[in-house]
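**Student:**
In this note's numbering, the protein residues as written are 10 to 266.
#1: Do you know whose CA, among 23, 45, 46, 50, lies nearest residue 33's CA?
#2: Give me, in chain order, the residues of the same chain whose beta-carbon lies closer than 6 angstroms to that of residue 239; leave out the 5 immediate sequence neighbours on both sides.
#3: Comparing alpha-carbon positions, which option in 170, 21, 90, 36 lies nearest residue 76?
#4: Excluding the 5 residues flanking residue 180 on each side, which residues of the same chain have their C-beta closer than 7 angstroms to its C-beta?
#5: So what's residue 137 in DSSP terms, helix, strand or just coil?
#6: Report the residue ranges of all alpha helix (DSSP H) runs contained in full by the region 164–209; include only those spanning at least 4 residues, in chain order.
#7: Residue 51 lies in the alpha helix (DSSP H); which residues open and close that run?
#8: Can you name, in chain order, every residue of its own chain whose Cβ lies under 8 angstroms from the Cβ of residue 11, other than the five neighbours on each side?
#9: With residue 234 and residue 257 assumed to form a contact (beta carbons below 8 angstroms), what rounded beta-carbon distance in angstroms separates them?
#10: Expressed to the nearest angstrom, what Euclidean distance is found between the alpha-carbon atoms of residue 26 and residue 46?
#11: Rounded to whole angstroms, what's the CA-CA distance from residue 259 to residue 164? Just pull it up for me.
#12: DSSP beta-bridge partners for residue 244?
#13: Spatial neighbours of residue 224 within its chain, please: C-beta separation below 8 angstroms, excluding the five flanking residues on both sides.
#14: To the nearest angstrom, how far is it from the Cα of residue 30 to the Cα of residue 106?
#15: Where does residue 97 land, buried or exposed, given buried means 16+ other C-beta within 10 angstroms?
#16: Could you compute how far the alpha carbon of residue 158 sits from the alpha carbon of residue 108?
#17: According to the Cβ coordinates, are residue 252 and residue 176 closer than 8 angstroms?
#18: To the nearest angstrom, how far is it from the Cα of residue 236 to the Cα of residue 255?
#19: How about residue 69 and residue 55: are their beta carbons less than 8 angstroms apart?
#20: Per DSSP, residue 42 forms a beta bridge with which residues?
#21: Measure the alpha-carbon distance for residue 274 versus residue 110 and round it to whole angstroms.
#22: Have a look at residue 171 and residue 210 and give me their C-alpha separation to the nearest angstrom.
#23: Name the residue from 194, 21, 183 whose alpha carbon lies nearest to the alpha carbon of residue 263.
#24: Would you kindly work out how many angstroms separate the C-alpha atoms of residue 169 and residue 78, rounded to a whole number?
#25: Which residues does DSSP list as the beta-bridge partners of residue 13?
#26: With 16 as the cutoff for other CB atoms within 10 Å, does residue 184 come out buried or exposed?
#27: Sorted by chain position, which residues of the same chain lie with C-beta nearer than 6 angstroms to residue 161's C-beta, five sequence neighbours on each side aside?
Listed below in structure tokens is the structure:
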């Protein structure tokens with residue numbers, strides 16, 4: 010039978026040599042043999058005993074209790090392993106429950122910046138214009154669709170929503186710079202792809218590809234039909250609106266269908 014030095018056992022079990030010496034001293038884990046020079050040697054039997062010691066320790070048994078259990082005449086290794094497996098599974102379930110509670114608490118604390126009502130989505134905007142736009146959107150897309158979009162945006166929290174608005178602003182700036190380029194060019198379509206991802210966050214992502222293609226192309230048409238959506242400093246941007254419509258239609262027909 011293979012022999013293991015105290016150093017090898019310490020490495021295998023990831024406990025210290027000093028601890029193994031102590032277990033030997035109190036009669037908890039006695040080596041199979043000692044050399045003439047006093048070196049300890051262990052076999053697989055001692056390794057299995059050590060495994061039991063570590064399992065019982067994990068279950069909060071004291072060393073004296075473990076010693077009594079292992080010294081019992083009726084000690085059944087297989088039976089003990091089955092009991093330990095059951096006990097450890099129960100502990101695992103408790104720990105999983107604790108981890109779940111911690112995760113929920115973290116999410117709750119991180120949502121301290123959450124928005125309480127849709128009104129916060131329009132904070133800083135002209136209230137009268139906002140009411141008009143919202144009313145028109147409800148008429149065009151339906152109240153359920155608009156309210157669902159508002160819930161999606163509220164779920165982002167204030168910081169997430171503000172980050173989305175910054176992305177939208179930067180994307181609009183880049184597209185405006187490209188307004189004289191071919192709407193179907195790779196450079197323009199790259200920014201349109203980013204524009205689509207931003208719009209998708211506003212809408213929510215539960216539409217089918219066909220529905221999304223139709224809705225996105227329809228939004229492009231709205232940009233061109235209603236200059237309020239592409240105004241810059243109060244000035245209509247007819248060419249820019251037309252450019253966006255063509256670019257969005259191309260993206261919808263080539264990437265979303």
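Where is the CB? At the ideal position from N, CA and C, for every residue including glycine.
Keep in mind it's a predicted model, so treat the numbers as computed, not measured.
**Tutor:** Per the coordinate set shown:
#1: Numbered from 1 along the chain shown, position 24 holds the residue referred to as residue 33. Of the listed residues, the one whose Cα sits closest to residue 33 is 50.
#2: Here residue 239 refers to the residue found at position 230 of the chain shown. The residues are 232, 246, 249, 250.
#3: Indexing the chain shown from 1 puts residue 76 at position 67. Closest by alpha carbon: 36.
#4: Here residue 180 refers to the residue found at position 171 of the chain shown. Sequence-distant Cβ neighbours of residue 180 in its own chain, meaning closer than 7 angstroms and more than five residues away, are 200, 203, 204, 207.
#5: Counted from its first residue, the chain shown places residue 137 at position 128. The answer is helix: DSSP assigns residue 137 an H, G or I state.
#6: 166–186
#7: In the chain shown, residue 51 corresponds to position 42, counting from 1. It is not in any alpha helix (DSSP H) - residue 51 instead sits in the beta strand (DSSP E) that spans 49–51.
#8: Looking up residue 11 in the chain shown gives position 2. Counting only Cβ-Cβ distances below 8 angstroms, and skipping sequence neighbours, we find 52, 53.
#9: Locating residue 234 in the chain shown gives position 225, where the first residue counts as 1. Locating residue 257 in the chain shown gives position 248, where the first residue counts as 1. Incorrect: roughly 13 angstroms between the Cβ atoms, too far for contact.
#10: Taking the chain shown and counting its residues from 1, one reaches residue 26 at position 17. Taking the chain shown and counting its residues from 1, one reaches residue 46 at position 37. Cα to Cα, residue 26 sits roughly 17 angstroms from residue 46.
#11: On the chain shown, position 250 is the one that residue 259 refers to. On the chain shown, position 155 is the one that residue 164 refers to. Cα to Cα, the separation comes out at about 31 angstroms.
#12: Taking the first residue of the chain shown as 1, we reach residue 244 at position 235. 241.
#13: By one-based count along the chain shown, residue 224 stands at place 215. Excluding sequence neighbours, residue 224 sits near 212, 216.
#14: Translated into the one-based positions of the chain shown, residue 30 becomes position 21. Translated into the one-based positions of the chain shown, residue 106 becomes position 97. When rounded, the distance between both Cα atoms is 38 angstroms.
#15: Along the chain shown, read from residue 1 onward, the residue named residue 97 stands at position 88. Burial call: exposed.
#16: To locate residue 158, count along the chain shown from 1; it is residue 149. To locate residue 108, count along the chain shown from 1; it is residue 99. Whole-angstrom Cα-Cα distance: 32 angstroms.
#17: Within the chain shown, the letter at position 243 stands for residue 252. Within the chain shown, the letter at position 167 stands for residue 176. In this structure, residue 176 does not lie closer than 8 angstroms to residue 252 by Cβ.
#18: Counted from its first residue, the chain shown places residue 236 at position 227. Counted from its first residue, the chain shown places residue 255 at position 246. Near 15 angstroms, if we compare the C-alpha coordinates of residue 255 and residue 236.
#19: For the purposes of this step, residue 69 is taken as residue 60 along the chain shown, with counting starting at 1. For the purposes of this step, residue 55 is taken as residue 46 along the chain shown, with counting starting at 1. The Cβ atoms of residue 69 and residue 55 lie no closer than 8 angstroms to each other.
#20: Position 33 of the chain shown holds residue 42. Residue 42 is bridged to 50.
#21: What is shown of the chain runs 10 to 266, which leaves residue 274 out entirely.
#22: What you label residue 171 is simply residue 162 of the chain shown in a count that begins at 1. What you label residue 210 is simply residue 201 of the chain shown in a count that begins at 1. Those two C-alpha atoms are separated by around 13 angstroms.
#23: On the chain shown, position 254 is the one that residue 263 refers to. Each of 194, 21, 183 was checked against the Cα of residue 263, and the nearest Cα belongs to 194.
#24: Looking up residue 169 in the chain shown gives position 160. Looking up residue 78 in the chain shown gives position 69. Going from the Cα of residue 169 to the Cα of residue 78 covers about 57 angstroms.
#25: As a working mapping, residue 13 is identified with position 4 in the chain shown. Answer is 51, bridged to residue 13.
#26: Numbered from its first residue, the chain shown carries residue 184 at position 175. Residue 184 is buried by the Cβ-count criterion.
#27: Here residue 161 refers to the residue found at position 152 of the chain shown. 213.
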